[in-house]
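Each residue of the sequence shown is one higher than the one before, starting from 36 at the first, in the working numbering. Where a beta carbon is used, it is the ideal one built from N, C-alpha and C, also for glycine. If you're wondering where the values come from, they're calculated on a predicted model, not measured in any experiment.
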Amino acid sequence: MDVIRLAGIAKSYRNGEVVTPVLHGIDLVVGAGEYVALMGPSGSGKSTLMNLLGLLDRADAGHYQLAGRDVTELNAAQQAEVRNQTIGFVFQSFNLLKRMNVQENVALPLLYAGQSRAAARTRAQELLDQVGLGALAKRLPSQLSGGQQQRVAIARALACRPPLLLADEPTGNLDTQTTEDVLALLDALNRDQGLSIVLVTHENDVAAHAKRLVRLKDGRVVYDGAPGGAG
Ligand SMILES: Nc1ncnc2c1ncn2[C@@H]1O[C@H](COP(=O)(O)OP(=O)(O)OP(=O)(O)O)[C@@H](O)[C@H]1O
Ligand SMILES: [Mg+2]
36 MDVIRLAGIA
46 KSYRNGEVVT
56 PVLHGIDLVV
66 GAGEYVALMG
76 PSGSGKSTLM
86 NLLGLLDRAD
96 AGHYQLAGRD
106 VTELNAAQQA
116 EVRNQTIGFV
126 FQSFNLLKRM
136 NVQENVALPL
146 LYAGQSRAAA
156 RTRAQELLDQ
166 VGLGALAKRL
176 PSQLSGGQQQ
186 RVAIARALAC
196 RPPLLLADEP
206 TGNLDTQTTE
216 DVLALLDALN
226 RDQGLSIVLV
236 THENDVAAHA
246 KRLVRLKDGR
256 VVYDGAPGGA
266 G
């Protein structure tokens with residue numbers, strides 16, 4: 036099954052009288068278990084596209100099927116439900132809650148999903164073990180390195196077992212070594228658990244971890260093929 040099917044997606048931003056067209060008829064199919072890097076110049080529409088994929092914003096035209104379900108016409112509450120069940124998000128800024136320890140941060144989406152405190156704690160610890168941070172569960176985010184914080188954010192994103200991870204420049208704030216740690220984790224999640232990943236990056240070295248590269252320019256797909264290929 037395809038995890039993402041976009042057909043003819045168009046998007047403009049409107050601020051009063053000013054209309055900024057950003058995406059022009061994007062067609063994109065991502066199969067389950069794929070690992071796609073999304074690249075393109077600043078302003079080409081990568082984050083706009085990720086926000087549409089993540090049901091954080093709506094297209095003006097086109098159709099979107101997410102995990103086999105047409106989500107184009109869903110209302111906001113229905114979109115939120117699909118989003119919570121289907122998508123994990125990771126951003127450049129880790130967005131961890133400062134006053135909660137690492138385990139509590141990872142447990143939070145599970146509590147929102149209605150799990151008991153005990154079940155959420157157990158699952159959070161299991162996730163932290165999986166990302167190699169089990170021993171740091173009781174630390175505050177500020178007591179972790181950037182790469183460790185991003186691994187916590189990945190654990191949190193995967194708490195409710197979404198089939199799709201959307202990552203917008205997840206290594207943008209990290210140095211070379213910690214970038215490698217985070218990329219190794221994403222590689223393993225894709226390879227061992229069949230997690231589908233769409234990752235935005237400006238770095239060729241990061242994109243090289245994906246199995247497919249999609250390049251945007253001026254809101255259009257101008258390359259779709261092997262990473263390191265022309266474009
Ligand atoms: N809320 C908004 N209102 C108006 N214009 C916006 C808004 N968000 C983005 N834009 C414009 O849409 C275009 C695409 O922005 P987007 O953030 O998708 O680019 P990007 O490819 O993610 O760039 P970067 O690599 O710098 O993150 C830009 O011209 C930007 O100025
Ligand atoms: Mg962006």
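Please work out which residues of its chain come closer than 7 Å, Cβ to Cβ, to residue i, disregarding the five sequence neighbours upstream and downstream, and give them in chain order.
i: V57; result: K46, S47, Y48, G80, T83 and G254
Quick one: is the Cβ of residue i within less than 8 Å of any heavy atom of ligand 1?
i: P176; result: no
i: G75; result: yes
i: G169; result: no
Starting from residue i, trace the alpha helix (DSSP H) in both directions and tell me its first and last residue.
i: Q212; result: T211 to Q228
i: L168; result: It is not in any alpha helix (DSSP H) - L168 carries neither H nor E in the DSSP assignment.
i: L73; result: Element bounds for L73: not the alpha helix (DSSP H) but the beta strand (DSSP E), Y70 to M74.
Below 8 Å, is the gap between the Cβ of residue i and the nearest heavy atom of ligand 2?
i: K246; result: no
i: S128; result: no
i: V57; result: no
i: K81; result: yes
i: Q203; result: Sequence inspection shows Asp at residue 203; the Gln mentioned does not correspond to that position. Yes, ligand 2 has a heavy atom inside 8 Å of this Cβ.
Kindly indicate which residue of the options has the alpha-carbon position closest to the one of residue i.
i: L88; options: M36, Q114, T206 and M135; result: Q114
i: V38; options: D259, L200 and D227; result: L200
i: V249; options: D105, L73, L175 and G60; result: L73
i: V137; options: A148, D164, A261 and S151; result: D164
i: Y149; options: V106, Q127 and E116; result: Checking the displayed sequence, the identity of residue 149 turns out to be Gly instead of Tyr. Residue E116 is the option with its Cα nearest to G149.
i: S180; options: Q160, P76, S128 and G97; result: S128
i: T55; options: D95, N119 and A219; result: D95
Excluding sequence positions up to five away, which residues of its chain have a Cβ less than 6 Å from the Cβ of residue i?
i: Q100; result: R40
Determine the extent of the beta strand (DSSP E) in which residue i is found, giving its start and end residues.
i: R49; result: D37 to N50
i: P56; result: V53 to G66
Please list, in chain order, all residues of the same chain as residue i whose beta carbon is under 8 Å from its beta carbon, the five residues on each side excluded.
i: Y147; result: N119
Secondary structure, alpha helix (DSSP H): runs of 4+ residues fully inside the region 233 to 262: 239 to 242
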